[in-house]
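Take a look at the structure below.
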Amino acid sequence: MNKNWIFAIILAILVVVSVIQAVQLSGIKDDISNGDISTSSGSSSASVASSESSTSSSSSSLSELPSMVGGC
125 MNKNWIFAII LAILVVVSVI QAVQLSGIKD DISNGDISTS SGSSSASVAS
175 SESSTSSSSS SLSELPSMVG GC
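Going by our numbering, 142 is the number at position 18 of the sequence shown; the sequence numbering is gapless.
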């Protein structure tokens, strides 16, 4: 099979996938504007808790950074 045909097939697949994603994104955008999609307060509090724990773990890893580099 010719390389140009392979590239054309891959390009066609990527175009089809991008069109499908554009249609899905448009549908989600319409749902948000119509108010069909709403956020819940439970998930936002969970994300705040996880971001606080990641901040504390990242600050502790930053203090250990010189020993982690090891003189490279």
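For every residue, glycine included, the Cβ atom is placed at its ideal position computed from N, Cα and C.
Given the structure is predicted, the values throughout are model-derived calculations rather than measurements.
Can you give me the start and stop residues for the alpha helix (DSSP H) that residue i sits inside?
| i | result |
| --- | --- |
| D155 | 127-158 |
Nearer than 7 Å: is that true of the beta carbon of residue i relative to any heavy atom of the ligand SAM?
| i | result |
| --- | --- |
| N126 | This structure simply doesn't include the ligand SAM, nor any ligand for that matter. |
DSSP state of residue i, grouped into three classes?
| i | result |
| --- | --- |
| A170 | Its pLDDT being 47, under 50, A170 is placed unreliably in this model, and the value from its coordinates should be taken loosely. Helix, per DSSP. |
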